[in-house]
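Since the structure comes first, as structure tokens, the remarks are kept for the end.
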Amino acid sequence: GDFNPAHVNEAYAKNTFFKTRIAHGMLTAGFISAIIANQLPGPGTIYMKQELSFLAPVRIGDTITARVEVLELLAEKNRVRLKTTCSNQDGVMVLTGEGLVSPPKAPKT
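Take 5 as the starting number for the sequence shown in this note's numbering and just add one per residue.
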């Protein structure tokens, strides 16, 4: 695992510019993965690519809202390009990115 002291050691984190421990960036990104896997497009979706920019720290106790928005349907390749974002309880954008997924194909009848 990621045992960076900025995440796991309060005494160390107090001496960083964050002044306290922060959540792992990939923990925040995991909320996006949960939406893609469970809702949009949903079960059976294969992650192809994800680009991320971490814009602000996520502090312990923050409430994070993840959003996924369809940017483009690439039907000929069975791909969907997605805008991915996470914001905190104050509306501050903490993460932005763009993903590419392959949704499950509808069963043939």
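Ideal Cβ placement from N, Cα and C applies to all residues, glycine included.
Simplified DSSP assignment, three categories, for residue i
i: T32; result: helix
i: I64; result: coil
i: P9; result: helix
i: A41; result: helix
Residues of its chain near residue i, where Cβ-Cβ distance is below 8 Å and the 5 sequence neighbours each way are ignored
i: I64; result: T24, R25, I26, A27
i: N82; result: S106, P107, K109
i: M97; result: L59, A60, T89, C90, S91
i: Y16; result: P9, A10
Cutoff 6 Å; reference residue i; Cβ partners in own chain excluding five residues on either side
i: R85; result: L75, E76, L104
i: I36; result: A70, T88
i: P61; result: F22, I26
DSSP bridge partner residues for residue i (one or two, in chain order)
i: K87; result: E73, E102
i: Y16; result: Answer by DSSP bridge pairing: none, since Y16 is not bridged.
i: L78; result: R83
i: M97; result: S91
i: L59; result: Beta-bridge pairing links L59 to no other residue.
i: K53; result: L104
i: I26; result: R63
Short Cβ contact (8 Å threshold) for residue i with residue j
i: E73; j: E102; result: no
i: I40; j: T32; result: no
i: S57; j: T20; result: no
Cut-off 7 Å between Cβ atoms - residues of its own chain near residue i, not counting five sequence neighbours on either side
i: D66; result: N92, Q93
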